[in-house]
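Report on the structure given below.
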Amino acid sequence: MKVCFVGIGSIAKRHIRNLSEICNINGVELQIDALRRSHLFGTDNLQQIGDVYTSAEELPADYDVVFLTNPTEYHADMLLKLHDHTKHFFIEKPVASLNTVDILKKIPYREESVYYVACPLRYTNVIQYLKQEINIEAVNSVRCISSSYLPDWRPGQDYRETYSAHKDLGGGVSIDLIHEWDYITYLFGMPSAVKSFLGKVSNLEIDSDDYAIYIAKYDNMVAELHLDYFGRQSIRTVELYMDEDTVVGDFITGTITYLKSGKIVNLPADRDIYQKRELEHFLDMVLKNGKCSNDIANAVKILKLTQGITE
């Protein structure tokens, strides 16, 4: 398998490590190239990387998969430029920025290709438990919160220089934490209406939004989302309110708690576990010509939800 990573940031390094391990276990020979601004990796040297290119024009046209792990603002443009260089795409979330989403309409999509947009929280044990063990139709209300401190996100890197801090690079908590909208729609489908409040209230030195709050309406249910960049103690939970009990899924502790009955289910929460699970699912789609479970059309709908737009 011959793959290329566009951008070698923290998420790319995680994918490279996990992909190498998966292929090694399954006896798959793997060649990994990279497209980045410089040939030099410096302290970020990755032994798994073969050839390094600094322009799309230099890139060979025989890849099995291109991983778009560069800043969100450049996803759509790279997808267009590299479309004929690979059979399949793995696109980090979000699929594109709000400024560049229209470029996606120009892509000459191939029916036989997989254009997969990352949605890793679907593969966590917490979401899989809720998907399999809870009667979704019995839920009256769902409340989600993802609160964390942006300067702690990427140790050793100035948060003010990351794409998250800059709106023109596709940053902002409403876009960065699109995971919450993704797993809500994975569990419950698309809402019929959404009210949203987005803005900046903290002292963080950023020009992107640091909070996003939503209320969504379904036929027989309501949903609330709270996202922020300024929570000093990380919280990431989903609460399901039903007639018989209230169920709380905690992504950080890897637990499911039934507040009324007191039942607690402990589930592994290691990030590599669910991200490997996602990669395995993606490779399965690629190798078996499977239907894409999160294609670009669906990813665009979820991107619009982050701005309170429903279709």
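Note that the working numbering numbers the sequence shown so that position 76 is 95, with each residue one more than the last.
All C-beta atoms, glycine included, are put in the ideal place defined by N, C-alpha and C.
Sequence-distant residues of the same chain with beta carbon closer than 6 Å to residue i, five excluded per side
{"i": "Ser116", "result": "Thr91, Glu92 and Gly189"}
{"i": "Gly61", "result": "A caution first: Gly61 carries a pLDDT of 49, below 50, which makes its placement in the model too unreliable to give a value."}
{"i": "Phe162", "result": "Phe is not the amino acid found at residue 162; the sequence shown has Arg there. Result list for Arg162: Glu243 and Glu258, in chain order."}
{"i": "Asp70", "result": "Asp52"}
{"i": "Asp337", "result": "Here the chain covers residues 20 to 330 and nothing more, so residue 337 does not appear."}
{"i": "Gly327", "result": "Val213 and Ser215"}
{"i": "Cys138", "result": "Asp201 and Asn313"}
{"i": "Asn285", "result": "Thr274"}
{"i": "Ile27", "result": "Ala53 and Arg55"}
{"i": "Ile254", "result": "Ile164 and Ser166"}
{"i": "Val85", "result": "Cys23, Leu101, Thr105 and Phe108"}
{"i": "Ala31", "result": "Phe24 and Thr88"}
{"i": "Met20", "result": "Val47, Leu49 and Asp83"}
{"i": "Ile234", "result": "Lys214 and Glu243"}
Sequence-distant residues of the same chain with beta carbon closer than 7 Å to residue i, five excluded per side
{"i": "Ala80", "result": "Asp103 and His104"}
{"i": "Gly250", "result": "Ser166, Ser167 and Tyr168"}
{"i": "Asp229", "result": "Val192, Lys219, Val220, Ser221, Leu223, Asp247, Tyr248 and Phe249"}
{"i": "Arg129", "result": "none"}
{"i": "Ile332", "result": "With the chain covering only 20 through 330, there is no way to say anything about residue 332."}
{"i": "Lys29", "result": "Contrary to the premise, residue 29 reads as Ser rather than Lys in this sequence. Cβ within range, chain order: Arg173."}
{"i": "Ser39", "result": "Leu49 and Gln67"}
{"i": "Leu78", "result": "Cys23, Leu54, Tyr72, Leu101 and His104"}
{"i": "Asp303", "result": "Gly309"}
{"i": "Ile35", "result": "Phe24, Ile51, Leu65 and Gln67"}
{"i": "Ile155", "result": "Leu206 and Phe207"}
Terminal residues of the beta strand (DSSP E) in which residue i lies
{"i": "Arg255", "result": "Phe249 to Met261"}
{"i": "Asn285", "result": "Ile283 to Asn285"}
{"i": "Tyr135", "result": "Tyr134 to Val136"}
{"i": "Leu322", "result": "Unbroken run through Leu322 is the alpha helix (DSSP H), Ile315 to Leu324; no beta strand (DSSP E)."}
{"i": "Ile275", "result": "Thr274 to Tyr277"}
{"i": "Tyr82", "result": "Tyr82 to Leu87"}
{"i": "Lys310", "result": "Looking at the DSSP string, Lys310 is not in any beta strand (DSSP E), and its letter there is neither H nor E."}
{"i": "Lys106", "result": "Thr105 to Ile110"}
Per DSSP, the bridge partner or partners of residue i
{"i": "Thr265", "result": "Tyr260"}
{"i": "Arg162", "result": "Glu243 and Glu258"}
{"i": "Leu54", "result": "Val25 and Tyr72"}
{"i": "Tyr168", "result": "Phe249"}
Residue span of the alpha helix (DSSP H) that contains residue i, given as start and end
{"i": "Phe301", "result": "Arg290 to Lys307"}
{"i": "Asp121", "result": "Note, Asp121: premise wrong, no alpha helix (DSSP H); not H, not E."}
{"i": "Glu152", "result": "Asn144 to Glu152"}
{"i": "Met97", "result": "His94 to Lys100"}
Close beta carbons around residue i, own chain, < 8 Å, minus the five adjacent residues each side
{"i": "Val266", "result": "Leu149, Ile153, Glu258, Leu259, Ile275, Thr276, Tyr277 and Leu278"}
{"i": "Ile225", "result": "Leu169, Tyr178, Arg179, Ser183, Ala184, His185, Gly190, Lys219 and Tyr248"}
{"i": "His300", "result": "Tyr142 and Ser312"}
{"i": "Leu322", "result": "Pro113, Val114, Ala115, Leu117, Val120, Ile194 and Ile197"}
{"i": "Pro127", "result": "His102"}
{"i": "Asp264", "result": "Tyr277, Leu278, Lys279 and Ser280"}
{"i": "Thr329", "result": "Met209, Pro210, Ser211, Ala212, Val213 and Lys323"}
{"i": "Tyr237", "result": "Phe207, Gly208, Pro210 and Ser211"}
{"i": "Ile283", "result": "Thr274, Ile275, Thr276 and Tyr277"}
Below-7 Å beta-carbon distance, residue i vs any chain B residue
{"i": "Glu299", "result": "Annotation note: the requested chain B is absent from the structure, which comprises a single protein chain."}
Next item on the list: Inspect the CB distances between the segment 172-182 and the segment 206-221 and report whether three or more fall short of 8 Å.
Entry: no
Next item on the list: May I have a chain-ordered list of the beta strand (DSSP E) segments no shorter than 3 residues that lie completely inside the segment 176-239?
Entry: DSSP runs (the beta strand (DSSP E)) wholly in the segment 176-239: 212-218 and 230-236.
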